[in-house]
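Inspection log for the structure reproduced underneath, given as structure tokens.
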């Protein structure tokens, strides 16, 4: 009688002693040797909520695959029995282990489930950003430029973090950040457009919105797309996201051909100077007022995310968090109001 | 037959050769001597649009008053004939000159007319700020604290600039700035309160609004109230507006007695740290997220005002403004979009 | 026959194998588990010169108390036999363990004995500082202000360090520092008062002395009073000792009512600016000469204490000390003159 | 009958219309031309309290001497009649003008009378410094080193300012500063020697005194000796007073031969590091505690002199002095206590 | 009989009283009014060695042209008599004045003659730089990229200074600088290529040479081409010469199509980072060794030019030059060796 | 029959199981205790390519010597059998161990073999530097000064690194650096001497060469000579290599007596200022152009060595090296051209 195929479950939902099929990330693969000199691998597989160990012995079934083919950061489909060892903790007794393949992706495997990621659905965020661009940029060629870039960078936008370690440092973080910045800029562009009716030319609302949506577009090529191991690309390190973002705008505008060259110029300037000061990484000072709005909306959104994350994660007793290495300060968490 | 009393006009509206009564600011009083050794004063009186000269000779009618009583920065009511001399320019031939008195104020004399001032009516701005505080701060004792302070500093609030030379450097400028910052903060407090529903305690909207309205309250005692010659007070120089603002909150809260002490503490912290970084004058780093919102709303509003003013006033040809001494840069004005 | 009550001794004076009653600080309490899964606590108790271990087993007499009631940083009275294990080092076999109580304090228990503390008796230092204030400040209301503040902060003054880690970082350190600074300032105020006889108003000797004594008074509320675990308070972190010290002076002067308001103002200014430069934490620059004397007396005294402590504690061979993390340098100790 | 030799007077004491012999500094010599093209010199001669003009015409008696030999900054003996012209002010009608010569110096001419100088007599200050060195340095060879240097640099010490523009910027200023610093150091060396009895080796009182007296000895060769026009020498600019001072100590100690080499080394280290921090010009950090005492005594004395000078000279109305360009701040002068 | 056409001379070579035709730059055009109210222009025309004045009266021949058409910075052909007025200095009595036209350029008019310019002939320098590129870059497509860029920017290269005020601030200065830097880099690339034979990949000599020649290519579009009034362009101010230079390389390489993409990338990186440090304007740190060679060759050449120019132009007496505002120091010129 | 004397070999060339005589550095000597309380030493001896362990037991032959006489950093001659233990790795079973003595040195023992050292032979480098000085400095007394200093510091020059950890941090590194800098300076002195023919006095080639060769001469006394454990000397820490180098030049020039004093002065100035900026450790700014050449040649050579070393040693996969702690960046190594 054929073996019943076990149910597809989450590793973190398997009860002790139960068998199941699940996807897992190989988070750590360490080689060591026993007293008698025989080598073995300790492999730690995890999903977002549990890590379990598989010991791979040199005389066992998985030795060759583990030694030659398994790499940290890869995803696997595993069939096995979950156990909790009193000393060694969570263990898997595997009956099958193979790399995730394209069929799995069709069947619902999603790398996002294995890494820290945005609270929001990337596709929904992308649609919202798209609609903002579509509805709030009046100049048709400029709008097409923005939408073209969103379209082309869609896959990366949905995956990459805003930064590796500083703010929104998780999959989908860039998109979450862009959406928040764009909404703030929409409000501020309207507000200040009204406040300064005599400015000539008036504060350019389209430019503010295009700048808000594209200010970090260079980050989509600053990082690779491996959500489980985000690293800067070579271009990312050699030029940085400011110049890479300006390249994207410059090349796409040239290709499209119909965007007002002055608007392209100003949009490039916004991208290049939105960090505002040389000591924050801006190669030039911002020379137009639109840039200020984007800078402040961006900086506030980034810093606030860091504060909230720092306050939310600190579980130690005491009135202050530990010193946040990025913020360089201990936040006050002991308040009741 | 009694001399007809000339009409009360503006100095800048008097036609050449016509007589009138007008108010004027003594903008400059310089003593010099003629070749024969006789001293004289050159006095330049002005309103917001014209400056005219009165020569005071040592053997003339006005010598004693001018030498003993007239001071630069004082206001006068003058009756005289306006002339335009081909070489020496606008002149007044006075028939009467006296200091402005309280009756004049009742009769409509307003120092604001003689100095650079906000585009908006101070009383209207004050009412709007008051209503914001009244309607948007839910905590009753905190709201009362804010309103009490607005009430007590009302006269100064309506007169002082936000800063002497940096941003909103004109009469009523502080109020214009506060109102703008408060509106921005209202938007951002709602936005980020919604964005981070799990933060414990949640982002305190009352605190953001109180902080936005009071963050620069210390400036009302940092400067004197002479709209025509704003100078820091002794307290202003010895302690600065951050500490003075905190004093106002601390003393008033103690007097009122019913504000949650923790709220008072956090509000003081916001006032003291809203400049965010030591290099910008903040004596401590901000340790709560509310402060970030106020800092960015404040900083953006200040910088944008400087950009707009710089762009609006530069009338020279060329694609860039002259170097703004405060901003340390030349803004781009040669754009058409 | 009743057991003889063992003598009250110091832990560090107990010979191996001897029983005694002694006070000890619970310096470390770590939970671990044996191979068989049974938990235990390793508790390290110490006085100023010896640390000894008590193992608390889950099936032993002290388990419940240890698990529920004992906290690091608390003081205990212990009766036990002292042993020196060849592998595990100093051990206590306890027959009684209880928290220190008020009777113990009356009977001579002093937390100072268990922490690093000043070489001088706090009470004697306090008396000396008091007498300095009493004899060297001529202005009666100012003197009363200083004495009132000394009196009210007496308990904290006698306990807190000058700083957590930088200078005089030990119980009573603040008092030792204040006394030294006050004596130096007394000398310098007389010296420079004589050197600049024509200064108007003359260098204010009373102000120098009041400033010297009170310049760090804010530190008494910047730190909690637990000599064995000094930590900044919430106020300490939100405002810092400069503003807290100014508050104490401002509030007390207002309460006393008779101090010359100008003197109060200048004294507040001294407290707020005695760190002299923004990069050293001073929110404003010192604008009166008295402040310079206090700044230099303070800074020299702090730095010299760090140098002497660094030179005295380094026992390694070589001509230079290890790099002092606070001073950022390696001092020269290999000299013979 | 021979002309009566007029009395030797001060220029500033000559009554209008009276003749006298007086010494004067040629403060300004400007060449110009009359309408008819004839050149002339306007020469302004002064003593410490009055400046008077001599016009030198191209067809007059003094033309050749003025054109070829007179230089700004030189001293002259002048016989002439003093006049006060209503338009052109104080004038001299000279009957004789010649350079000051050695006989004049014997006869009491003193350049000090014509420049800003110390309130104290240089010779008296020198004697006091000498006696301090003689009485307070116990180590005989070290004392001889200090006295030898004082002796050799005596003439410069009595003339040069401490700095060109910063502190004690007047003739004799260096000596006044050294004396003040040495007295402060004497007090502090005794105080801290007593405070840290266990330091090994103890704080070296001799070294503190030698360092205090010699810390700025390099300034005697950093500047030229022209009291009326102090300029850095070539060595002064190429190496600075720290290295030049160390050279003097190093060379003299080598020549004397009997000073403990370790003491010489430490004294050189004090001279080189007494500015304490790289940002203040110190090429190395101070690695011995003695240096701290000298640094703080030096810095306080310099800054206090700047404060007192700034406060004493400002005669404008208002509560604050003008911005002192060296201190970078406006001092509070409007106090009454 | 027709008037003889006067000879074409240099303004600075015309003898007083002689007539001539000459080219001149209108260096200054100032409007003023006579006592009687009639306006006039004072126009100062100059060549490289002499400035002479033409007064244009409101009732004279040149009034209309001067008022409507003449602008500062324009070139003119003038026929006139040169005079030297005893009071008012060099004057021209013009008989004809017109703008320079294209025929004049053909006939030898050269703006270079009227502005400060390189000691070397621009065309000769250009040829030398071209030959360096042609002979020293082995990689054919890379060489073609460099030559294409030189060819396209030839006109600007020959005209623009290296910088407006810092180094080589004169027409042709950029070319002179590039040539010097390229020669130094050639030497250093060979030297260090040999010194580090084991580096993998080896130091890329082609890349060093391409980088040396093109490191400042962006300056050709950072400035306009008016040799008599060099100003940054809009692009120059919005993006700076680093990004503009990278754009030129990036666009041209894409157009040519055959350059190794990795070489293009590295060349762009060199251009963007050749200022080496953020505080010197480099947006990223240099991550390849070739960049160091170009940075140091560039920086040395720039600074040395500033030193030599400062030393050569200072004609005042004294051992040191005046303080150079760019270098921030006074150089030693009083040496004899 | 006498034992056969084993061959003198390198430790790293001994086959397992073979006996040999070899020299080794005692790299680590750690005392520990067995379970039974008996102490032992683990001694690790090494040459440049292998480290092997000798266990010294308290009851063994080498105990007394090891406990009393052996120190880390000393060299030994060892006779023993080499073994490779499966768990504990390379071991020596010694039959003799003694300190290296003078005979060994004669017989070819060279400490260089045991430490990281220059690729070039120190003696050959020294000769090359000597010849450069001899052939390229025309001024005879200046040349003699340079050669005298090279001669006197010869031993240290051949041993010390350029710096402890930054650039050329290995034995002989200083000499390698000096030679490279001197060659670069020779090229640049000729180049710029030709480029600026009108400079008065001309660029001094002799001075450039003397400065290049001696700029770091102070480092020969900044470090001790123990190639296996380089440490700063007391003088090195108290004064730094800039002042120590100037001392060497100053003292030697005084002793030789015939060098042009101005040349000595300028050479001292070059040594003291060759780091160019205060933030890089230069106590004064360079005031002569020769110094710029030496500064840039020096700085480029140092940085390039760091880049090459960093790129050569990093063996990890990836496109970038790890973050170099001295350079503060991750270099690009993943290039193929």
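Protein chains in written order, with the numbering used here: chain W, 33 to 369; chain H, 33 to 369; chain D, 33 to 369; chain C, 33 to 369; chain U, 33 to 369; chain L, 33 to 369.
Virtual Cβ for every residue (Gly too), placed ideally from N, Cα, C.
Q: Could you check which residue in H:356, H:255, H:197 and H:290 has the C-alpha nearest to that of residue 277 of chain H?
A: By 1-based counting over the second chain, the position of residue 277 of chain H is 245. Cα-wise, what sits closest to residue 277 of chain H is H:255.
(Q) On the CB-based measure, 16 or more other CB atoms within 10 Å of its CB, does residue 212 of chain L come out buried or exposed? (A) For the purposes of this step, residue 212 of chain L is taken as residue 180 along the sixth chain, with counting starting at 1. So residue 212 of chain L ends up on the buried side.
Q: Give the DSSP-derived three-state secondary structure of residue 353 of chain C in the structure shown.
A: Indexing the fourth chain from 1 puts residue 353 of chain C at position 321. Reduced to three states, the DSSP call for residue 353 of chain C is coil.
Q: Give, in chain order, every residue of the region 340-352 of chain C whose Cβ lies closer than 9 Å to some Cβ of chain H.
A: Along the region 340-352 of chain C, the positions whose C-beta sits under 9 Å from a C-beta of chain H are 350, 351 and 352, read in chain order.
Q.
Between which residues of its own chain and residue 106 of chain L is the CB-CB distance below 7 Å, once the five residues before and five after are set aside?
A. The residue given as residue 106 of chain L occupies position 74 in the sixth chain. Correct list, in chain order: 58 and 131.
Q: Have a look at residue 33 of chain U and residue 128 of chain U and give me their C-alpha separation to the nearest angstrom.
A: Sequence index remark: in the fifth chain, residue 33 of chain U carries index 1 (1-based). Sequence index remark: in the fifth chain, residue 128 of chain U carries index 96 (1-based). Residue confidence is low: residue 33 of chain U scores 49 on pLDDT, short of 50, so the model does not pin down where it sits. Its coordinate-derived value is still stated next. Linking residue 33 of chain U to residue 128 of chain U through their CA atoms gives a straight-line distance of about 19 Å.
Q: Report the residue from W:165, W:191 and W:166 whose alpha carbon sits nearest the alpha carbon of residue 147 of chain W.
A: Here residue 147 of chain W corresponds to residue number 115 of the first chain, with the count starting at 1. Ranking W:165, W:191 and W:166 by Cα distance to residue 147 of chain W puts W:191 first.
Q: Give, in chain order, every unbroken run of the beta strand (DSSP E) that is at least 3 residues long and sits entirely within the region 87-114 of chain C.
A: Fully enclosed beta strand (DSSP E) runs of 3 or longer: not present.
**Q.** Where residue 361 of chain C meets chain D, residues with beta-carbon distance less than 9 Å
**A.** The sequence position of residue 361 of chain C within the fourth chain is 329, counting from 1. Scanning chain D for C-beta atoms nearer than 9 Å to the C-beta of residue 361 of chain C yields 317, 318 and 319, reported in chain order.
Q. Cβ of residue 247 of chain H less than 7 Å from any chain W Cβ?
A. Residue mapping note: residue 247 of chain H aligns to position 215 of the second chain, counting from 1. No Cβ of chain W is located within less than 7 Å of the beta carbon of residue 247 of chain H.
Q.
Using only the alpha-carbon positions, how far apart do residue 43 of chain D and residue 182 of chain D sit?
A. By 1-based counting over the third chain, the position of residue 43 of chain D is 11. By 1-based counting over the third chain, the position of residue 182 of chain D is 150. Going by the C-alpha atoms only, they are around 35 Å apart.
Q. Residue 109 of chain H and residue 90 of chain H look like a contact to me (Cβ under 8 Å); what is the Cβ gap, rounded to whole Å?
A. Locating residue 109 of chain H in the second chain gives position 77, counting from the first residue. Locating residue 90 of chain H in the second chain gives position 58, counting from the first residue. About 24 Å; that fails the 8 Å criterion.
Q.
Using beta carbons (cut-off 7 Å, strictly below), is residue 229 of chain U in contact with chain C?
A. In the fifth chain, residue 229 of chain U corresponds to position 197, counting from 1. So no, residue 229 of chain U is outside the interface.
Q: Verify the CB distance criterion: does residue 276 of chain L have a CB-CB separation below 7 Å to chain C?
A: One-based indexing of the sixth chain puts residue 276 of chain L at position 244. No, its Cβ sits nowhere closer than 7 Å to a Cβ of chain C.
Q | Cβ pair residue 185 of chain U, residue 252 of chain U closer than 7 Å | A | Residue 185 of chain U sits at position 153 when you count from the first residue of the fifth chain. Residue 252 of chain U sits at position 220 when you count from the first residue of the fifth chain. Note that the C-beta distance between residue 185 of chain U and residue 252 of chain U is below 7 Å.
Q: With a threshold of 16 other CB atoms inside 10 Å of the CB of residue 101 of chain L, please say whether the residue is buried or exposed.
A: For the purposes of this step, residue 101 of chain L is identified with residue 69 of the sixth chain, where counting begins at 1. Its Cβ having fewer than 16 others within 10 Å, residue 101 of chain L is exposed.
Q. Taking only beta-carbon atoms, is residue 295 of chain L less than 7 Å away from chain U?
A. For the purposes of this step, residue 295 of chain L is taken as residue 263 along the sixth chain, with counting starting at 1. True, the Cβ-Cβ gap to chain U drops below 7 Å.
Q.
DSSP three-state label for residue 236 of chain H, please.
A. On the second chain, residue 236 of chain H is found 204 positions in, with the first residue counted as 1. Under the three-state reduction of DSSP, residue 236 of chain H is assigned to coil, being neither helix nor strand.
(Q) Contact between the region 341-352 of chain L and the region 315-330 of chain L is defined here as three or more beta-carbon pairs at a separation below 8 Å; is this criterion met? (A) Contact fails: fewer than three Cβ-Cβ distances are below 8 Å.
Q | Beta-carbon contacts of residue 94 of chain L that lie in its chain and below 8 Å, excluding the five residues immediately before and after | A | Walking along the sixth chain from the start, residue 94 of chain L turns up at place 62. Sequence-distant Cβ neighbours of residue 94 of chain L in its own chain, meaning closer than 8 Å and more than five residues away, are 86, 88, 126 and 129.
Q) Do the CB positions of residue 97 of chain C and residue 149 of chain C come within less than 7 Å of each other? A) Mapped onto the fourth chain, residue 97 of chain C falls at position 65. Mapped onto the fourth chain, residue 149 of chain C falls at position 117. No, they are not a contact pair.
Q | Unbroken stretches of the beta strand (DSSP E), 3 residues or longer, contained in the region 215-280 of chain C | A | Counting whole runs of 3 or more residues, the region 215-280 of chain C contains no beta strand (DSSP E) stretch at all.
Q.
Below 6 Å, is the gap between the Cβ of residue 140 of chain H and the nearest heavy atom of the ligand GTP?
A. Judged by which ligands are present, the structure shown has none, so any question about the ligand GTP falls away.
Q.
Contact criterion: CB-CB distance below 7 Å. Does residue 272 of chain D meet it with respect to chain H?
A. Translated into positions along the third chain, residue 272 of chain D becomes position 240. Closer than 7 Å to some Cβ of chain H, the Cβ of residue 272 of chain D qualifies, so yes.
Q: Mind listing the chain D neighbours of residue 173 of chain H? Cutoff is C-beta to C-beta under 9 Å, in chain order.
A: Locating residue 173 of chain H in the second chain gives position 141, counting from the first residue. Neighbours of residue 173 of chain H on chain D: none; closest Cβ ~20 Å, over 9 Å.
Q: Grab me the residues of residue 308 of chain L's own chain with a C-beta within less than 7 Å of its C-beta, minus the 5 sequence neighbours each way, in chain order.
A: By one-based count along the sixth chain, residue 308 of chain L stands at place 276. Counting only Cβ-Cβ distances below 7 Å, and skipping sequence neighbours, we find 314, 318 and 327.
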